[in-house]
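The structure appears right after this line, and notes come after that.
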Amino acid sequence: MTNDKNSPSVAIIGAGPAGLMAAEVISQQGITVHVFDRMPSVARKFLLAGIGGLNITHSEPYEQFCERYLPKHSLTPFLQIFGVEQLLQWCHGLGIDTFIGSSGRIFPKEMKAAPLLRAWLKRLRQQGVQFHLKHTWQGWDKDHHLVFQSSEGISCIAPDATLLALGGASYPRLGSDGTWINDLQTLSIQCNPWQPANCGFETAPWSAIFTERYAGIPVKAIACYFVDKQGNHHHKLGEIMLTRYGVEGSAIYALSQALRETINQQGSVTLYLDLFPKLTRQELQAKLTKPQSKQSLSNFLRKQINLKDIKMGLVRELASESLQDITTLADKLKAIPLTLTKPRPIAEAISSAGGICLNELNNQLMLKKHSGVFCAGEMLDWEAPTGGYLLTGCFSTGYCAGLGIIDWLAK
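Residue numbers (UniProt numbering): 1 to 411.
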């Protein structure tokens with residue numbers, strides 16, 4: 001690792017979106033930046049997220065956008081500095097055109113992460129950013145030097161400022177395993193334990209026949225709702241995916257934080273499925289009270305309310321008794337109970353909750369107890385749903401931590 005002895009140097013540990021964004025901001029000021037990562041290539045989780053179409057951010061109104069982050073408005077100060085508008089300008093500056101999808105989500109025109117990352121890395125190298133891959137951070141030594149393990153052995157460095165952008169605890173195979181939390185706790189940095197976010201949930205076991213027929217199939221155009229221990233009502237329109245262990249999918253991910261916390265408090269939660277969210281109970285009942293004539297019940301329900309395939313399978317699996325009494329069927333179709341017992345393991349989650357408590361950081365994302373050490377990205381204790389919010393949060397905190405480092409070095 002070399003740099004001009006007359007200029008300050010910054011070490012960034014973690015080559016994901018937060019770390020790379022900070023590297024760009026800092027290197028633009030002519031400051032020497034060294035980026036370290038334990039993996040053999042950079043931004044592996046970012047690339048994985050872009051395989052099915054890189055959802056980089058969301059187009060909804062600013063106030064509503066900020067409310068997606070938990071704790072409430074935890075990232076608002078940073079989004080005010082680098083939010084959706086600034087992120088899109090940055091993409092366009094790299095030559096990446098974007099478009100708004102029908103759901104309001106924003107994607108690169110080419111949909112993939114690789115073209116954006118290639119253009120970004122080219123610019124970072126042109127700005128003098130130096131990359132040190134296959135370098136695993138081992139914490140600090142007694143002189144508070146950063147310690148790294150690589151194929152060349154142990155090395156210690158003493159940068160003028162450090163940014164930790166080590167990610168959360170989901171997708172450990174891509175480098176984010178959350179084990180750094182132990183190093184920070186030994187320095188009396190308060191961290192909340194890791195928990196899965198945007199994850200699937202386990203249920204009581206499905207029957208073998210149901211699992212064989214429906215596992216891996218989405219249930220579309222439904223609503224999910226439940227009441228938490230405090231009496232708050234949670235509701236989400238969308239789709240769920242039935243799995244061998246339980247359920248996942250966009251509607252489940254959107255409710256995952258509230259579902260997880262309710263399970264933490266009371267051991268399980270009953271999630272209700274409304275198979276016909278566009279119909280009121282009265283409208284549904286009116287359709288079901290029409291003469292059945294000589295039709296079988298299955299044919300009658302298929303013709304009258306389009307109850308068939310996987311939705312009929314759910315009724316047979318979870319509410320078969322309701323098929324015996326057509327007068328109560330409408331109520332059940334609007335509230336099929338599904339007991340969730342626990343979230344799936346964090347290694348399967350899209351993101352994680354937990355990490356460094358935000359009150360350990362100042363408004364420039366520097367640790368209050370350790371001057372010159374900044375933190376950004378998923379290692380901070382915030383969470384957000386899928387839909388571009390996670391990436392925007394990482395870019396935003398990385399950008400603001402970069403500004404914080406520039407300001408701190410200037411002082």
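Built from N, CA and C at the ideal position, the CB exists for glycine as well. Just so we're clear, the structure is a prediction, and the values are computed from it rather than from any experiment.
Item	Value
Looking at the structure shown, is Q127 part of a helix, part of a strand, or coil, going by DSSP?	coil
By the DSSP assignment, the beta strand (DSSP E) with F374 in it spans what residues?	373-375
Within the continuous beta strand (DSSP E) that includes M312, where are the two ends?	Element bounds for M312: not the beta strand (DSSP E) but the alpha helix (DSSP H), 309-318.
When the distance is taken between beta carbons, is V129 closer than 8 Å to S27?	yes
By Cβ distance, which residues of its chain are closer than 8 Å to D177, with the 5 residues on each side in sequence left out?	A169
Quick check: what's the CA-CA separation for L307 versus L301?	5 Å
Identify which residue in G167, Y171, A165, W137 has its Cα closest to the Cα of C156.	W137
So, at 6 Å on beta carbons, what are the nonlocal neighbours of Y245 in its own chain, with the 5 sequence-adjacent residues on each side left out?	E202
In or out: K294 buried (at least 16 other Cβ within 10 Å) or exposed?	exposed
Should L54 and K112 be called a contact, given that it needs their Cβ atoms to be closer than 8 Å?	yes
For S352, does the count of other Cβ atoms within 10 angstroms reach 16, so buried, or fall short, so exposed?	buried
Identify whether D274 lies in helix, strand or coil by the three-state DSSP scheme.	strand
Who are the near neighbours of Y389 in its chain, counting only those whose CB is closer than 6 Å to its CB and skipping five residues on each side?	R68
If you count every other CB in all the chains shown that lies within 10 Å of the CB of H144, and 16 or more means buried, which is it?	exposed
Taking the alpha helix (DSSP H) that L255 belongs to, which residues open and close that run?	250-266
Whose C-alpha, out of R213, P193, P196, is nearest the C-alpha of L314?	R213
Between which two residues does the beta strand (DSSP E) carrying E239 extend?	233-242
Quick one: what's Y225 bridged to in DSSP?	H235, Y272
For G387, does the three-state DSSP call read helix, strand or coil?	coil
Is the beta carbon of Y272 closer than 8 Å to that of I350?	no
Could you please give me the residues that DSSP links to N55 through a beta bridge?	N55 is not bridged to any residue.
Please state the DSSP three-state secondary structure of H73.	coil
Taking C357 and N232 to be in contact with their CB atoms under 8 Å, please state how far apart those CB atoms are, rounded to whole angstroms.	Contact doesn't hold; Cβ gap of about 24 Å is too wide.
Assign D37 to one of three DSSP states: helix, strand, or coil.	strand
Taking the straight line between their C-alpha atoms, what separation do you get for A384 and L70?	6 Å
By the 10 Å Cβ neighbour count, where 16 or more other Cβ atoms means buried, how is Y399 classified, buried or exposed?	buried
A353 by DSSP, collapsed to three states: which one?	strand
Using the beta-carbon count (16 or more within 10 Å), is H34 buried or exposed?	buried
When burial is assigned at 16 or more other CB atoms within 10 Å of the CB, is H73 buried or exposed?	exposed
Please state whether the Cβ-Cβ distance between V25 and T162 is less than 8 Å.	no
Decide if E63 is buried, meaning its Cβ has at least 16 other Cβ atoms within 10 Å, or exposed.	exposed
What residues are listed by DSSP as bridge partners for T32?	S9
Whose CA, out of E283, S396, P115, lies closest to the CA of D331?	E283
Our contact map puts residue 417 next to L279 with C-beta atoms below 8 Å; I'd like the distance itself, whole angstroms only.	The requested residue 417 is not part of the displayed model; the chain covers only 1 to 411.
Going by DSSP, name the residue or residues bridged to K342.	E202
In whole angstroms, what separates the C-alpha of G175 from that of E378?	13 Å
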